[in-house]
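Number of protein chains: 4
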Amino acid sequence: MSDARVVVAGASGFAGALAASLVHRHPRLELAAATARADAGARLDRLYPRYRVPVELTELDPESAGEYDAAIVAYPHGAAAEVVARFVEAGVPVVDVSADFRLHDRALYEDTYGEHPSPELLDDAVYGLTELHRDQVRGARLVANPGCYPTAAILALAPLAAAGLAQDVVISAASGVSGAGRGGGDRLHFVAVDENFAPYGVDGHRHLPEILQELEELGEEPRTPPPPQPASPADRSPSAPWEQRRRRVTFVPHLVPLDQGLMTSCFVSAAREVDAAELRRLYAERYGDEPFIEVVDHPPGVRDVRDTNLCRIHVAVDAPTGRAMAFAAIDNLWKGAAGQAIQNLNLMLGFEETEGLL
Amino acid sequence: MSDARVVVAGASGFAGALAASLVHRHPRLELAAATARADAGARLDRLYPRYRVPVELTELDPESAGEYDAAIVAYPHGAAAEVVARFVEAGVPVVDVSADFRLHDRALYEDTYGEHPSPELLDDAVYGLTELHRDQVRGARLVANPGCYPTAAILALAPLAAAGLAQDVVISAASGVSGAGRGGGDRLHFVAVDENFAPYGVDGHRHLPEILQELEELGEEPRTPPPPQPASPADRSPSAPWEQRRRRVTFVPHLVPLDQGLMTSCFVSAAREVDAAELRRLYAERYGDEPFIEVVDHPPGVRDVRDTNLCRIHVAVDAPTGRAMAFAAIDNLWKGAAGQAIQNLNLMLGFEETEGLL
Amino acid sequence: MSDARVVVAGASGFAGALAASLVHRHPRLELAAATARADAGARLDRLYPRYRVPVELTELDPESAGEYDAAIVAYPHGAAAEVVARFVEAGVPVVDVSADFRLHDRALYEDTYGEHPSPELLDDAVYGLTELHRDQVRGARLVANPGCYPTAAILALAPLAAAGLAQDVVISAASGVSGAGRGGGDRLHFVAVDENFAPYGVDGHRHLPEILQELEELGEEPRTPPPPQPASPADRSPSAPWEQRRRRVTFVPHLVPLDQGLMTSCFVSAAREVDAAELRRLYAERYGDEPFIEVVDHPPGVRDVRDTNLCRIHVAVDAPTGRAMAFAAIDNLWKGAAGQAIQNLNLMLGFEETEGLL
Amino acid sequence: MSDARVVVAGASGFAGALAASLVHRHPRLELAAATARADAGARLDRLYPRYRVPVELTELDPESAGEYDAAIVAYPHGAAAEVVARFVEAGVPVVDVSADFRLHDRALYEDTYGEHPSPELLDDAVYGLTELHRDQVRGARLVANPGCYPTAAILALAPLAAAGLAQDVVISAASGVSGAGRGGGDRLHFVAVDENFAPYGVDGHRHLPEILQELEELGEEPRTPPPPQPASPADRSPSAPWEQRRRRVTFVPHLVPLDQGLMTSCFVSAAREVDAAELRRLYAERYGDEPFIEVVDHPPGVRDVRDTNLCRIHVAVDAPTGRAMAFAAIDNLWKGAAGQAIQNLNLMLGFEETEGLL
């Protein structure tokens, strides 16, 4: 069988460039085009020498969407939806690395990110945390690739949530600087980050709704659909059920002076006692066959997973309090973005899930 | 008045060397001797060029303890107590930077660190978190300088604890590598730490009992003495009251790839609703006049306090859950060790608390 | 005597902010104003928390130049000259941290930086490498503060140059990222610099002419004035004497993943044999009494001088080749910029040279 | 054809562990054993999680040397020779990553490293800088893998040396910390290296003789054998021809705060004028077909080659002085050690040179 011809739209950002590189070296995929907006005309291997992709970035031609076998869109949120829609209309399977199709609930999206450019596609999108939604990803035309923090947090918590044990959760997370993207100005200047460590997004980080959506879904069998919500946030009641349900997860990220790597340290108070043996059993059962998840008997470090698509997890019980603790490390650009995009694309195109990722 | 002649015992470690440097440049103190065990004979300005203390490290002469006006002991725990005892016997005021006299409860110490070499001094020791015990420090002959994590964690939580609002606490902390000391072998090799971020001490860190001791004390008015405990841990019941009381604080530290800096991110579930205005008021009231505490309206970074004796704190309410959050940044070698030692010594010797520290 | 009221113009950049902080804490200076262009209105202690200067940045009012006792100008080259001229006209002593008045030769300036905005002041400017031109600085109204690389390189080489021994020189230099300033875009993003080390400016760095100017001057007794040059570069002959003289120094800088610190490693082929004893004697003679120069018997590291105004130098002979080698470490923001500016200002105002810098 | 069974002796050090990992994932090699001395019994994937080699380190059984198809020895110098000899005696092709067989001249080895344990093998050893000695490596039974600095320095200079243009050379080099190995004590503690940059080995680095040996050989056609030397250094004259010839290369390394990466910045005074076009032509001719060498038109950074076996080179002429400059970046653990070992092993075993390395 011949290779699938893939376009990576938005290949000049950190996630897009890695996606282009993963497509380029993938045994079953061909990098048919790598596009960029401001950087069109530049060579990708000049912007990102490490990836050694000897192609010139071009402008995306919306008319030619149908010429590809698949697309990865790595635009900023808001800008992605329109491009994604073009590919969907042309019948091209697409993985969207942006946030635009991650939230099932349009109102929640608009609370978080502003007006949604293509709400009609929300129902078609599959949330691409592969380990949770593998079967849906296989048949999907549009996969919304999860955010980096949600990937690690949900994988850290899924076995507890599915067992109904994630009643009260604190997620203290930390990410390397590549997670903040190529822009960022003064805030990401070397001198601002070096020898620093600081929380941010303390008054509400955009990744929380994703985490809640998935933990809710895991915990409900069958899932209770959220009640209809007025389109305008102002019209909605602060006491809506959604608001009640989300009152159990606190999420605070920190910026760490390193390039690639993300850790979620999760502290969980369950309604009943959980011991270490049960925890280990829960995680072994859920993740025992997963090719990209390592459950280990000691705390992981982000170095352990750099430049891999792996998620490395350790679970323990905090003896004095009885809290369950789950620590998950990923590479934010791989499993947290481009790696997982390829993992999803592999499934969508009928390849081995691990193809090109080991 | 002439300067006080100070000996720093254990001046070849990170905290001891900074203490020697702070004494050396202090307008009211004279560095009468800087001692070391393995490094005796070396020059301090060769081991630590940055500090520019042009003295030779000598061996500590136990017979000469009485020749000094004050002592700072920066030995490892276990080894410190004996040296401290010698100074106390000689009537020399001493700040012990080790853990040996931090815990009031001997049994708890021995559970945590092993047999106590000088238990008879435990009752004389003042826990030197200056902002909490300033009056006791003033009159003390022996001050137990707090650990680095406890300093930041307790300062972050004290206003909540004193208001009876620290019912359930998660402390997710992170420290630069100097906090782990000069030894450490492979674990602290540059290559092990660089581009890494990892939790450690997940099955119980030695600094937790200090944190609990102080939070308990803050929350109890008047303080309920812990019930008498049998001397041997084996004889004690696991259901002792202490065990019950400590069941509310989870503490997990992480190692960050930087030199000096420590952050405690504290997540607090209170028994009743607390809003941001009340939080700000609580912290302003307690810390408004403190020379070394900055309460700021945005998250602090450890860079903000490097090479200072400051603790920079931000408090907020996590809107979705109602949790109170307190973030405190210190320099682990300054406010977390040598700086606070000088702060305490200033009080013990009748100087201005900030002398030599601004 | 009352304090001198100092304005720091351009206090929102790295060098200007440190200059403002050094003025603010200086026992004899008062920070009368800290000005900025884009950041006017912001608080300096919000932009640079470490410096703890609780003032608001204002716009510079050219009409009020005469209200100050002294000025430090930390504008980019080209933009500085006009502001400097205003202060000079108002009779206010000024230290210019930019490159605008460092080169005595206007044509050389214009070759390097473009048209000079205020060439009429070039003759009044003293090149403020304090250790070389202390007496001129004392009486100066306008001091051109040296660049960071030239400061270290010239201090490393001055004893050799003065002895007529710097015939052929390779300067391989390395600087932390703060040396590149607050702008810089993608090139200074944390991710671009982290885990990287690279030469730059390989086809000619702007700091070379400064280095040449001073080494020439040191080596010539009395100094031979450069021949008159036509004003326009196009009119000048490529075989002009200047071109001949500069043919002996190669200077290549590298960017290192750290914040503050600069190293110049200098390799010198002399016309005659030089041994280590002679080297040590030359450096001891020239620098023995210098308060900010440390000549040490082992290679310095940039950590040794961070946050100080010191230059730490080691000289050695490369046995196989007989080359003299001189290694000089400074903090690029201190001795390489703001610290030396204060050192010069102290002299200009008749204070102790070291005031506020120890 | 079945895989070659390879033993990696000394797999617990940085280079050995990477070698074991490269063997493990190589399509034609099988990791038959990974041995260690102090760490025998530990799992390699616990010591080096990133490499994901799920094997237990064993003790080397000298009796079983003949059971393998090939060996990579990554012992410290001095300790390696004996193990290497065992494999050679057993007829097993071996790549020695240590320094023990790099120098053809026994006396020079002993001047540099001390007594040679197996001098009888020196004549059999091929210096494994693959690009220079590819044909000899193909037929070799014992390949001495080059040091990390020599690999980059010689590749940077080879085209100039072969053209007789490397008369006078300054090599200012910089390496990440993994190049210093797993030991190192205080000197490689994170806190000693972080935010530091310093020259070292200023009074003579062990890698210089390798560099000289190869540059000499490149420049001599045919090669003049060094005159016979007395076995004892004391008997040899300081004016021996070797001493004369080496008087043209100065080599000084620096330590950079990063993990993997090495840069050699070479400054070359040639006997005649060389222009940029000639330089580019020389390098294109020599390296145009090399699979692991990239000649680029701008200065390389060590980030560009991390985790690859590539050497990235830029050449330029310093206009003011006419010096040729060559900058070469490698990953010290890959092309500077384990990667090149596999490159050599591929040739020795008749595989494609790039197998398992792209």
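Chains as they are written, first to last, in my numbering: chain A, 26 to 383; chain B, 26 to 383; chain C, 26 to 383; chain D, 26 to 383.
From the three backbone atoms N, C-alpha and C, an ideal C-beta is built for every residue, glycine too.
{"query": "Please report the residue range of the beta strand (DSSP E) in which aspartate 343 of chain D lies.", "result": "336-343"}
{"query": "Which same chain residues end up closer than 8 Å to aspartate 284 of chain B when comparing Cβ atoms and leaving out the 5 residues on each side of it in sequence?", "result": "Gly201, Val202 and Ser203"}
{"query": "Identify, in the order they occur along the chain, each residue of the same chain with its Cβ nearer than 6 Å to the Cβ of glutamate 268 of chain C, setting aside the five sequence neighbours on each side.", "result": "Any answer about glutamate 268 of chain C is weak, because its pLDDT of 39 lies below 50 and its placement is not dependable; what the coordinates show is given next. Once the five neighbours on either side are set aside, glutamate 268 of chain C has no close Cβ partner at all."}
{"query": "Measuring CA to CA, which of A:Ile97, A:Pro324 and A:Leu372 is closest to leucine 61 of chain A?", "result": "Looking at the sequence itself, residue 61 of chain A is alanine, so the reference to leucine does not match. Ranking A:Ile97, A:Pro324 and A:Leu372 by Cα distance to alanine 61 of chain A puts A:Ile97 first."}
{"query": "Check serine 143 of chain A in the structure and name its three-state DSSP category.", "result": "coil"}
{"query": "Under 9 Å, do alanine 169 of chain C and aspartate 121 of chain C count as touching if we go by C-beta distance?", "result": "yes"}
{"query": "Pull the bridge partners of serine 290 of chain C from the DSSP assignment, please.", "result": "C:Ser197 and C:Phe352"}
{"query": "Rounded to the nearest angstrom, how far is the Cβ of isoleucine 338 of chain C from that of glutamate 310 of chain C, given a contact under 8 Å?", "result": "The pair is not a contact, with the Cβ atoms about 13 Å apart (cut-off 8 Å)."}
{"query": "Pull the bridge partners of glutamate 55 of chain C from the DSSP assignment, please.", "result": "C:Arg30"}
{"query": "Within the same chain, show all residues whose beta-carbon is closer than 8 Å to that of asparagine 221 of chain B, passing over the 5 residues directly before and after it, in chain order.", "result": "Leu280 and Pro282"}
{"query": "Can you grab the Cα-Cα spacing for the pair alanine 177 of chain C / leucine 154 of chain C, in whole Å?", "result": "10 Å"}
{"query": "Any idea if serine 89 of chain D is buried or exposed, counting beta-carbon neighbours within 10 angstroms, 16 or more meaning buried?", "result": "exposed"}
{"query": "From this set, D:Cys173, D:Arg166, D:Pro79 and D:Leu85, which residue's C-alpha is nearest alanine 363 of chain D's C-alpha?", "result": "D:Cys173"}
{"query": "Any beta-carbon of chain D closer than 9 Å to the one on aspartate 64 of chain A?", "result": "no"}
{"query": "List, in order along the chain, the chain C residues whose C-beta lies closer than 9 Å to that of threonine 137 of chain D?", "result": "Within chain C, no residue comes near threonine 137 of chain D; the closest Cβ sits about 12 Å away, beyond 9 Å."}
{"query": "According to DSSP, is aspartate 148 of chain C part of a helix, a strand, or is it coil?", "result": "helix"}
{"query": "Please check if any C-beta of chain A sits within less than 9 Å of the C-beta of serine 203 of chain C.", "result": "yes"}
{"query": "For chain D, is any of its Cβ atoms less than 9 Å away from the one on glycine 326 of chain A?", "result": "yes"}
{"query": "If we define contact as Cβ-Cβ less than 9 Å, is proline 52 of chain B a contact residue for chain C?", "result": "no"}
{"query": "Name the DSSP bridge partner or partners of histidine 214 of chain D?", "result": "B:His214"}
{"query": "Using 9 Å as the limit for Cβ to Cβ distance, is tyrosine 225 of chain C near chain D?", "result": "yes"}
{"query": "Roughly how many angstroms lie between the CA atoms of glycine 210 of chain B and valine 274 of chain B, to the nearest whole one?", "result": "31 Å"}
{"query": "Have a look at D:His129, D:Glu303 and D:Gly226 and flag the residue whose alpha-carbon is nearest the alpha-carbon of valine 185 of chain D.", "result": "The sequence given here places leucine at residue 185 of chain D; valine does not occur at that position. Nearest of D:His129, D:Glu303 and D:Gly226 to leucine 185 of chain D, Cα basis: D:Glu303."}
{"query": "Interface residues of chain B around glutamate 220 of chain C at Cβ under 9 Å?", "result": "Asp219 and Glu220"}
{"query": "If we define contact as Cβ-Cβ less than 9 Å, is valine 321 of chain D a contact residue for chain C?", "result": "no"}
{"query": "Report the rounded CA-to-CA distance for valine 195 of chain D versus isoleucine 179 of chain D, giving the unit in angstroms.", "result": "12 Å"}
{"query": "Could you list the residues in the segment 279-295 of chain B with a C-beta less than 9 Å from some C-beta on chain A, going in chain order?", "result": "His279, Leu280, Val281, Pro282, Leu283, Asp284, Gln285, Gly286, Leu287, Met288, Ser290, Phe292 and Ser294"}
{"query": "Among A:Ala95, A:Pro144, A:Pro325 and A:Gly91, which one has its Cα closest to the Cα of glutamate 107 of chain A?", "result": "A:Pro144"}
{"query": "Assuming glycine 326 of chain B contacts alanine 354 of chain B (C-beta within less than 8 Å), just tell me the rounded distance between them.", "result": "6 Å"}
{"query": "Need the endpoints of the alpha helix (DSSP H) that proline 184 of chain C sits in, please.", "result": "173-187"}
{"query": "Please report the straight-line C-alpha distance between glutamate 298 of chain A and aspartate 193 of chain B, rounded to a whole angstrom.", "result": "16 Å"}
{"query": "Residues of chain D with CB under 7 Å from phenylalanine 376 of chain B, in chain order?", "result": "Residues of chain D passing the Cβ test: none, with the nearest at roughly 30 Å."}
{"query": "Which residue from A:Ala165, A:Glu84 and A:Ala124 puts its Cα closest to that of valine 113 of chain A?", "result": "A:Ala165"}
{"query": "I'd like to know if the segment 35-42 of chain C and the segment 69-77 of chain B are in contact, where contact means that at least 3 CB-CB pairs between them fall below 8 Å.", "result": "no"}
{"query": "Taking just the CA atoms, how far does alanine 344 of chain D sit from glutamate 242 of chain C?", "result": "22 Å"}
{"query": "Pop quiz: arginine 231 of chain C and threonine 137 of chain C are said to be a contact at Cβ under 8 Å. What is the actual Cβ separation, rounded to whole angstroms?", "result": "5 Å"}
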